[in-house]
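Numbering (this note's numbering), first residue to last: 2 to 97. Each remark here refers to the structure printed beneath this line.
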Amino acid sequence: MIQHKTMPISEIIDRVTAIARKYKVKRLDLFGSFAYGNASERSDIDFIIRGCEDFNSFIEEIDEIPTLRRIDIFNYDEVCSDLLREDMDKYGKQIF
2 MIQHKTMPIS EIIDRVTAIA RKYKVKRLDL FGSFAYGNAS ERSDIDFIIR
52 GCEDFNSFIE EIDEIPTLRR IDIFNYDEVC SDLLREDMDK YGKQIF
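Here is the structure:
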């Protein structure tokens, strides 16, 4: 039986960062349990982006990252909840 290893969070961040730069994302933040410092081995990885030239193509490339963790991308400009935006502003950790 083949066992798959979870890609280290640092490598996932590096890959998401490279893809974000390719699509000229203006700002990339880590959000959620990894930003709060309470992630478990089953936690997904949440990112917030601001400004992106082609959001659909960006997401397609993110989906191709070979990881067992789910990667969620929030487009800050499309978040409708003021409460969620406040949390993003307060707890998001800027990557670039």
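Glycine residues also receive a C-beta, built at the ideal position from the N, C-alpha and C atoms.
Annotation for residue 39: no beta strand (DSSP E) segment contains it, and DSSP assigns it neither H nor E.
Here residue 31 is near residue 94, since their CB atoms are less than 7 Å apart. For residue 97, there is no enclosing alpha helix (DSSP H), as DSSP marks it with neither H nor E. Here the alpha carbon of residue 21 sits roughly 25 Å from the alpha carbon of residue 42. Annotation for residue 89: 30, 32, 49, 75, 77 and 80 place their beta carbon closer than 8 Å to its own, counting only its chain and skipping 5 residues before and after. Residue 57 is not bridged by DSSP to any residue. Comparing C-alpha distances from residue 97 to each of 66, 34, 24 and 18 shows the shortest one belongs to 18.
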